Structure formats: C-alpha cells, structure tokens
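J.: Sharing a structure, written as structure tokens. Questions coming.
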Amino acid sequence: MPKKNSSPDPSLRQVVSADGTEISYERHGDGPVVILVAQALADLRDNRRLAALLAASHTVVNYDRRGRGDSGDVGSWRIAREIADIEALVDAHGGRAALFGASSGAILAVDAAAALPEKVAGVIAFEPPVIVDDRRAPVPRDLADHLQQLVDEGRGSDAVREFHRVALGAPSFMIHAMRLMIGPWRTMVAMAQTAVYDTRLCAGLQDGTPLTGDRWSGLRAPSLVLLGSKSAPFMDSGTRGLSTLIGARHATIEGAHHATPMMKPAALMPSIVPFLDEVLP
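Count the sequence shown with the working numbering and you get residues 7 to 287, in order.
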C-alpha cells in the first residue's frame, strides 16, 4: 500500500478525510471555489498550469488524490473514500464548490457531484474515458486484478506499462519513449497502486456497450462534458453517451486532445470560465 511521502512539501495544506487519510493540496487565487481532480497516474503538479489560469478569478484547490504525492492512503480503496476526500476539501472551503476533472478524474468528479448534491455547484468532465461502442477495444474486466498482482510482486514499472498499453491503448513506441524519460516514469511508478484504483473506478464504463444504470441518478448539479477535436474517435462516442445519460451539456474544443488540460490549458478557458461563472455564486 502506498505510504505518505516521508519528506512532505511544507508549502502544502492538509485536510483529514472521513477515514483519517490526510489529503494534501495547494490553494491559489480568490473567489468562488473550484477543485481540480487529477487523472490517472498524475498528481497536483500536473494541474498547476490549469490552476494558475483559473486562479485569476477563482479560489483553486489543486490536490493530491489519495496514494499520490503527499497525500496518505488508509485502508482498502473504494470510490466512496475518494468522494469523501473531495467532501473534506469542499467543507474546508465554505461547503460548496465546483469540480473539474480530466480523464478518470472526470469520472470521479461526476461521482462526487452525484453523491454530494448539496455541496457541488457544478461539474466539468474533460474526456471521461468511457467506451460505448466498437471504436476501440473494451478494457478487460480483470485488468485491475492483473495490475494489483504486478504491484504486489514489486513490479510497479510493469503495472504502469500495462495500464498504458491496455487501459489507455498507448502504442509500444509511445510507452518506450515515456520510459526513457526517467524522472516522469519514476513518478508514475511511485503511483502504480493508484492505477489499480482508477481501473476499478472506471469498471463497467469501458465495456464497449452503451451506458446504462443509475450510478449518477443523484446528480443535480449542472454539468459540462468536454471533448478535444484531436482526440480518438471513441472519445466522441463516449462523451456524447455520458452527456445524454446525465443530461449534461456537451462541447468540443477545437485543437485540444487528451493531454490538453496539462499541456495547454489555456485552450479550455473559453469553455470553462463561462460555465463556472454561471454555476458559482
């Protein structure tokens, strides 16, 4: 099980989640509160560019999800525990906030909005990785168990490689190139256990069949699902399917792709800021 960093960053703030897990975060700016929910194998550093842009008009809470960075990880993983982490952050910042999540973080953001209808004012989901048709292969239901076995055997690098290959569909040459970037690869390997968490988080949403069920029946907050025009075709089907299921608005950002929130977040601002201005007091 991941352990908290033995040399925590003194610039970070902390809240304690319901199960006693200490969650670390940065806070920037002033104004209505927006919480950034990171994608798979990412920590708060990956959202700093986005946080800096939003901080011009908002209080931005950029946090390490459990098992990442300086946050702890207590007990066995459940979606409810990650939702409780978000609730602790909301409660520490006035009791009401909007959420922005990318990729698997978008799934968690929608989950939290559905579970916390009195506390989440709005949710933005950038490219939630749902697979609703045959535009790409479904993610095997046993992938999380396979990744967990690799982590338990001390093969975190292999777990990260398999997550990229199977869950993300990354080609071999791309994975090889990532492994040559020693620092970033080591960072991801340190978070290998959380790849298991995100695989379980998305279970049932990546089977290649239309979305059904009442997972988000509690959702009351306005929601916006975003797609990049340069992303894989299955993302178009998936984001539109999710939008229809939850009654969200859907918008395509010209020139954006799956990594845009980390690499060029300015492209998102014309879509994000008007939505936040509408849903936040």
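For glycine and all other residues, C-beta sits at the position ideal for the given N, C-alpha and C.
Just so you know, these numbers come straight off a predicted model, no measurement behind them.
Should S178 be labelled buried (16 or more other beta-carbon atoms within 10 Å of its own) or exposed?
T.: Its Cβ having fewer than 16 others within 10 Å, S178 is exposed.
J.: Helix, strand or coil for T27? Go by DSSP, reduced to three states.
T.: Note: T27 maps to coil in three-state DSSP.
J.: Report the partner residues of Y203 according to the DSSP bridge assignment.
T.: The partner list for Y203 (beta bridge, DSSP) is empty, contrary to what the question assumes.
J.: What does the Cβ neighbour count give for Q212, buried or exposed, with the cut at 16 atoms within 10 Å?
T.: So Q212 ends up on the buried side.
J.: Within 10 angstroms of its Cβ, does E159 collect 16 or more other Cβ (buried), or is it exposed?
T.: E159 is exposed by the Cβ-count criterion.
J.: My output table needs one value for I137: the three-state DSSP class, helix, strand or coil.
T.: The answer is coil: DSSP assigns I137 none of H, G, I, E or B.
J.: If we require 3 or more residues per run, which beta strand (DSSP E) segments fall completely within the stretch 47 to 88?
T.: Runs of the beta strand (DSSP E) inside the stretch 47 to 88: 65 to 69.
J.: Count the other C-beta atoms from every protein chain shown that fall within 10 angstroms of the C-beta of R167, then say buried if there are 16 or more, exposed otherwise.
T.: R167 comes out buried.
J.: Can you tell me which of D164, Q154, L186, A131 puts its alpha carbon nearest to the alpha carbon of G234?
T.: Minimum Cα distance to G234 is reached at A131.
J.: Can you give the Cα-Cα distance for S77 and P146, rounded to whole angstroms?
T.: Each residue's Cα considered, the two are about 29 Å apart.
J.: Run through DSSP, which three-state label would A131 get?
T.: A131: strand per DSSP, three-state reduction.
J.: Along the chain, where does the beta strand (DSSP E) that runs through T245 open and close?
T.: Note, T245: premise wrong, no beta strand (DSSP E); alpha helix (DSSP H) at 239 to 252.
J.: How many angstroms separate the CA atom of P134 from the CA atom of L248?
T.: For P134 and L248, the distance between alpha carbons rounds to 8 Å.
J.: Where does H6 land, buried or exposed, given buried means 16+ other C-beta within 10 angstroms?
T.: Nothing about residue 6 can be read from this structure; the chain reaches only from 7 to 287.
J.: Run through DSSP, which three-state label would H42 get?
T.: At residue 42 the sequence reads Leu, which differs from the His that was named. Note: L42 maps to strand in three-state DSSP.
J.: Would you mind reading off the limits of the beta strand (DSSP E) that contains G189?
T.: Per DSSP, G189 belongs to no beta strand (DSSP E); it is in the alpha helix (DSSP H), 188 to 196.
J.: Assign K9 to buried or exposed, taking buried as 16 or more other Cβ atoms, counted over all protein chains shown, within 10 Å of its Cβ.
T.: The pLDDT assigned to K9 is 45, lower than 50, so where the model puts this residue is not dependable; a value taken from the coordinates is nonetheless given after this. Exposed, by the Cβ-count rule.
J.: Does the distance from the C-beta atom of P228 to that of V285 stay below 8 Å?
T.: Cβ distance < 8 Å, so P228 and V285 count as in contact.
J.: Based on the DSSP secondary-structure assignment, which residues constitute the bridge partners of F179?
T.: Bridge partners of F179: none, in fact.
J.: If you reduce the DSSP assignment to three classes, tell me which class L122 lands in.
T.: Here L122 sits in coil by DSSP.
J.: Between G81, V129, H263, which has its C-alpha nearest L230's C-alpha?
T.: Of G81, V129, H263, the residue nearest in Cα terms is V129.
J.: From this set, P216, T193, L217, S109, which residue's C-alpha is nearest S163's C-alpha?
T.: It is T193 whose Cα lies nearest to the Cα of S163.
J.: Using the C-alpha atoms, what's the distance from D117 back to A143?
T.: When rounded, the distance between both Cα atoms is 24 Å.
J.: For P190, count neighbouring Cβ atoms within 10 angstroms of its own Cβ and tell me buried if that reaches 16, exposed if not.
T.: It counts as exposed.
J.: For H263, does the three-state DSSP call read helix, strand or coil?
T.: Coil, per DSSP.
J.: Is it buried or exposed for R72, if we count other Cβ within 10 angstroms and need 16 for buried?
T.: Buried, by the Cβ-count rule.
J.: Kindly confirm or deny that the stretch 102 to 120 and the stretch 32 to 43 touch, where touching means at least three C-beta pairs closer than 8 Å.
T.: Output reads yes: the stretch 32 to 43 touches the stretch 102 to 120.
J.: Does the beta-carbon of T218 have 16 or more other beta-carbons within 10 angstroms, so that it is buried, or is it exposed?
T.: Classification of T218: exposed, given that the 10 Å Cβ count is below 16.
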